[in-house]
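Reviewing the structure listed below.
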Amino acid sequence: MKPIDPSEITPEHLYLSRRTFITGAAAVAAGAVLAGCGLGESKTGTPGVTTGTPGSVSSTLDELGDPLTSYQDVTTYNNFYEFTTNKDGVATAAKDFTFTPWTVDVGGLAAKPRTFAIEELTGLFPDEERVYRLRCVEAWSMVIPWLGFPLQKLLEMVEPTPEAHYVRFETLLDPEQMPGQKDTLSFSWPYVEGLRLDEAMNDLTLLSTGLYGKRLLPQNGAPLRLVVPWKYGFKSIKSIVRIQLVAEQPVSFWMAAGPDEYGFYANVNPNVDHPRWSQKSERRIGEAGRRDTLMFNGYEEEVAALYAGMDLSKDF
Amino acid sequence: MDAARPAATVGADRLGVATRTAAHVWALAPLGILAYVTLADRLSANPIEDVTRRLGRDALLMLTASLAVTPLVWLVERATANRSSRAAGAGGHLASAMRPVRRTFGLYAFFYASLHLFVFTVVDYGLDPVLLADAVLKKRYALVGLAAFVILTALAVTSTRGWRRRLRTMWSALHRLVYLAAVLVVLHNLWAAKALTAGRLAWAALIVGLLLIRVPLWAYDRQNSSADTGRP
């Protein structure tokens, strides 16, 4: 990653004033121009939702010089259909989620398949902090300081056999704890995701156990989730219980829900629209305007080679 | 109060005023709620998207209410028609009080749809022509939404008594386009979402139901037209 020039750092007062602008713009739009009624205060978060305070982070910017999305926003604006399809309702809906004990079954086409307790994983693979952009397929984005370890390290430990070409991930299936899983009309559960083996072995691909210097909260995919920063957010599967090495390309949750709309690769790509909406621009959470979406979410240098010779409009 | 008028007419007037007032209060409530959540800083972390979504939902709610008026009026009239003359009179008053709120809710649907479109084009996209063209022209959810808005605009403009008189029989034909607008809005709501969730499908079913229920009501009225003086 490139070092950050200090001049690229957005001063905090400018960053906060964007938030002020958003609140103001929304109020004007609503025709609710009431002078002096709370405009200009920075956001203090969704009332009734306590997500605590962030731990320490080693960097407050990503490698492009953009500031971290606030801990409050990262922990209260989530897509996690297992709990609710309402993004600002996930934190509340997931607050009683119990994830101890937790084991992760790692196997399939592997010479040394193994079931890990979550504590074993964090003991075997020390935390690394990675500041990544997260670009949702819904055209919003965040900058998040993750804690975790490269998936590569775990896969090397179980020794994939030569027949293994893909990795298949599965979320916990527990409709009692995850009421969204009772909607079997719209979706087929559990949530499944997949990567090609070389994508899984890329150094950027992270298994995350925390963010902002703390362990993951339920709404962010506790206790273990995937983070694939050059792909749309839905590839970064949450609350993982199973990781399998497989020969065939897995069918993901979203591929099953809409085969014409969600492909296996789901690489962030401003030139390939979602069939129903544009992917050219995005809104960074905390900002008022829109930003241009970057090829591979700004990680072109690290991952473009994985897709050499492929037609990305076909393999979307 | 006009002492020369019969008591029943005064009662009917009061009923009309009460119904209209209730309709306005109910239709303005979403705006009040939106103002409150905005000023109390209770919007989501993506506030522009949140406001856009809320305004769209409010427009849909008003359109649904407007479409529900005619079947409800029909029910009130038919339920009281063959009873005592007193019941029929009361039913007639209630039906007369309800009929004008169809227009009220229709205008509120246009109002919320205008704010919805304003936030999307101006606040969200800053009227950026390149981004807007890309976001709208190729996208079916945006195109059907825009088409519905054009219809609602035409209906709002011609909703006055003057336009009704000027357009004569054309007026009814024009205002039947609200059914087309409703179908377009349902498609807009389904296509704009990442997935077809139960809630969106249920709302679509409600609107389609309100459109389809008109067919048997219309057939019933045609069959009974000789014995009945009620409006179609």
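In the order they appear, the protein sequences are chains Z and W.
Under the numbering used here, the first residue of the first sequence is numbered 3, with each subsequent residue one higher.
Under the numbering used here, the first residue of the second sequence is numbered -18, with each subsequent residue one higher.
The beta carbon of each residue, even a glycine, is placed where N, CA and C say it ideally should be.
Would a C-beta distance cut-off of 8 angstroms place residue i and residue j closer than the cut-off?
| i | j | result |
| --- | --- | --- |
| W/L96 | W/L56 | no |
| W/A176 | Z/G235 | no |
| Z/F171 | Z/I239 | yes |
| Z/G110 | Z/V230 | no |
| Z/L2 | Z/I146 | The question about residue 2 of chain Z has no answer, for chain Z in this structure spans 3 to 318. |
| Z/Q221 | Z/F82 | yes |
| Z/S143 | Z/E284 | yes |
| Z/A211 | Z/G150 | Checking the displayed sequence, the identity of residue 211 of chain Z turns out to be Thr instead of Ala. In this structure, Z/G150 lies closer than 8 angstroms to Z/T211 by Cβ. |
| W/L112 | Z/R293 | no |
| Z/G300 | Z/L66 | yes |
| W/A90 | W/A40 | yes |
| Z/V133 | Z/D64 | yes |
| Z/A202 | Z/K237 | no |
| Z/L199 | Z/V160 | no |
| W/A21 | Z/Y79 | no |
| Z/W232 | Z/V305 | yes |
| W/L171 | W/R181 | yes |
| Z/E131 | Z/S241 | no |
| W/V104 | W/I188 | no |
| Z/L226 | Z/L209 | yes |
| Z/Q154 | Z/T207 | yes |
| W/A94 | W/L133 | yes |
| W/V54 | W/A76 | yes |
| W/D183 | W/Y122 | Reading off the sequence shown, one finds Ala at residue 183 of chain W, where the question assumed Asp. Taking 8 angstroms as the Cβ cut-off, W/A183 and W/Y122 do not qualify as a contacting pair. |
| W/Y160 | W/L193 | no |
Could you tell me how far apart the beta carbons of residue i and residue j are, in whole angstroms, since I believe they sit closer than 8 angstroms?
| i | j | result |
| --- | --- | --- |
| W/G126 | W/H169 | 4 angstroms |
| W/L44 | W/V166 | 6 angstroms |
| W/V83 | W/S47 | As written in the sequence, residue 83 of chain W is Arg, which differs from the Val given in the question. Yes, they are in contact, since the Cβ atoms of W/R83 and W/S47 sit about 5 angstroms apart, within 8 angstroms. |
| Z/W279 | W/K120 | 6 angstroms |
| W/T141 | Z/S188 | So it is not a contact: roughly 43 angstroms between Cβ atoms. |
| Z/F85 | Z/M180 | 6 angstroms |
| Z/V194 | Z/D107 | About 14 angstroms; that fails the 8 angstroms criterion. |
| W/F86 | W/A8 | 6 angstroms |
| W/H74 | W/G143 | W/H74 to W/G143, Cβ: 27 angstroms. No contact. |
| W/T33 | W/V100 | 5 angstroms |
| W/P52 | W/R195 | 7 angstroms |
| Z/T105 | Z/T117 | 5 angstroms |
| Z/K216 | Z/P56 | 7 angstroms |
| Z/V274 | Z/L314 | 6 angstroms |
| Z/E263 | Z/P277 | 5 angstroms |
| W/A78 | W/T0 | 4 angstroms |
| Z/A95 | Z/T163 | Contact flag wrong, Cβ pair sits at about 40 angstroms. |
| Z/F266 | Z/Q251 | 6 angstroms |
So what does residue i bridge to, in DSSP terms?
| i | result |
| --- | --- |
| Z/G110 | Z/L247 |
| Z/G212 | Z/L149, Z/R217 |
| Z/K320 | A question about residue 320 of chain Z goes unanswered here, because the residues of chain Z that appear run from 3 up to 318. |
| W/A4 | The partner list for W/A4 (beta bridge, DSSP) is empty, contrary to what the question assumes. |
| W/Y17 | DSSP, once it has assigned bridges, lists no residue as partnering W/Y17. |
| Z/V59 | DSSP output for Z/V59 lists no bridge partner at all. |
| W/L(-4) | Answer is none; W/L(-4) lacks a bridge partner. |
| Z/F189 | BP columns for Z/F189 are empty, so no partner. |
| Z/Y168 | Z/R198, Z/V248 |
| Z/L228 | Z/L209 |
Pull out every residue of the segment 3 to 29 of chain W whose Cβ sits closer than 8 angstroms to any Cβ of chain Z, in chain order. L12, L15, A16, T19, L20, A21, D22, R23, L24, S25, A26, N27, P28, I29
For the segment 270 to 287 of chain Z, which residues have a beta carbon sitting closer than 8 angstroms to at least one beta carbon of chain W? D275, R278, W279, S280, K282, S283, R285, I287
Which runs of the alpha helix (DSSP H) at least 4 residues long sit entirely within the segment 131 to 207 of chain W? Give them in chain order. 142 to 148, 150 to 156, 158 to 172, 179 to 193, 195 to 204
Anything in the segment 38 to 52 of chain W with a Cβ closer than 7 angstroms to a Cβ of chain Z? List those residues in chain order, please. none
Can you give, in chain order, each stretch of the alpha helix (DSSP H) that sits fully within the segment 246 to 314 of chain Z and has at least 4 residues? 255 to 259, 302 to 305
Complete beta strand (DSSP E) runs within the segment 41 to 124 of chain W (minimum length 3 residues, chain order): none
Between the segment 84 to 97 of chain Z and chain W, which residues of the former have a C-beta closer than 7 angstroms to a C-beta of the latter? T87, K89, D90
Identify each residue in the segment 69 to 80 of chain Z for which the Cβ-Cβ distance to at least one residue of chain W is less than 7 angstroms, and report them in chain order. If the cut-off is 7 angstroms between Cβ atoms, the segment 69 to 80 of chain Z has D75, T78, Y79 near chain W.
Check each residue of the segment 155 to 189 of chain Z: if its Cβ is closer than 8 angstroms to any Cβ of chain W, include it; give the result in chain order. D185, L187, S188, F189
In chain order, what residues of the segment 140 to 153 of chain Z put their CB closer than 8 angstroms to some CB of chain A? Protein chains in the displayed structure are Z and W, and chain A is not among them.
Any C-beta of chain Z within less than 9 angstroms: which residues of the segment 148 to 178 of chain W qualify? W172, A173, A174, K175, A176, L177, T178
With 9 angstroms as the limit, tell me which residues of the segment 120 to 132 of chain W have their beta carbon closer than that to any beta carbon of chain Z; keep them in chain order. K120, R121, Y122, A123
Residues of the segment 99 to 115 of chain W with Cβ closer than 9 angstroms to any Cβ of chain Z, in chain order: F99, V100, V103, V104, D105, Y106, G107, D109, V111, L112, D115
Those runs of the beta strand (DSSP E) which lie wholly inside the segment 75 to 149 of chain Z and span at least 3 residues: 105 to 110, 116 to 119, 130 to 137
By the 7 angstroms beta-carbon criterion, what residues does the segment 285 to 307 of chain Z contribute toward chain W? Against chain W - using a Cβ distance shorter than 7 angstroms - the residues of the segment 285 to 307 of chain Z are R285, I287, G291, R292.
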